[in-house]
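In my numbering, the protein residues as written are 922 to 1087.
Reviewing the structure listed below.
What follows is the structure, encoded as structure tokens:
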């Protein structure tokens, strides 16, 4: 009668929502009076980076704030964004690259496993690529692990998926 229950911990960014947020941000940038004629741009590069450009650092900061608001409205966590440093472009203009975090980095996955082991619950944690699987016999233990991980700030947005009860 031994049942094994499990769930996965993942950290993914929905690229379609990022595209929608960029489109909404560009629409607002084109309409805002303070950003007219600043040649501000936001572009998605592949599925793992966003490139922003504007006429100066002050305007770039305004563009970053608009993009952040639109991403939050679309349900994309800002924890999954890594901002590179602002670089000079042609003339007075500046640009900045934002990397999108897809998956849980190895060091964060090891930290999650350590938190699970320190909880003294009867569950097993295993790193599977860019996700972590937690399995155990008691559903209450799994619920307690989810609550413990939600209480910690690991620097990435954690999503709990594939909650299976066999």
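Where is the CB? At the ideal position from N, CA and C, for every residue including glycine.
This structure is a prediction, so every number in the text was calculated from the model and none was measured.
*asked:* Which residue wins for smallest C-alpha separation from residue 1074, given the options 957, 976, 939, 998?
replied: 998
*Could you name each continuous alpha helix (DSSP H) segment of 4 residues or more that falls completely within the stretch 994-1020, going from the start of the chain to the end?*
none
*asked:* Here's the rule: buried if 16 or more other CB atoms are within 10 angstroms of the residue's CB, otherwise exposed. What is residue 959?
replied: buried
*asked:* Please give me, in chain order, every unbroken run of the alpha helix (DSSP H) with length at least 4 that falls completely inside the stretch 932-976.
replied: 936-952
_For residue 929: DSSP bridge partner residues_ = 1054, 1082
*asked:* If contacts are defined as beta-carbon pairs under 8 Å, then residue 1082 and residue 934 qualify, I think. What distance do you get, rounded to the angstrom?
replied: Incorrect: roughly 14 Å between the Cβ atoms, too far for contact.
*Compare the C-alpha of residue 1022 against each of 1015, 1054, 968, 1064 and name the closest.*
968
*asked:* Whole angstroms are fine: how far does the CA of residue 1028 sit from the CA of residue 1043?
replied: 23 Å
*Starting from residue 1046, follow its DSSP beta bridges and name the residues at the other end.*
1055
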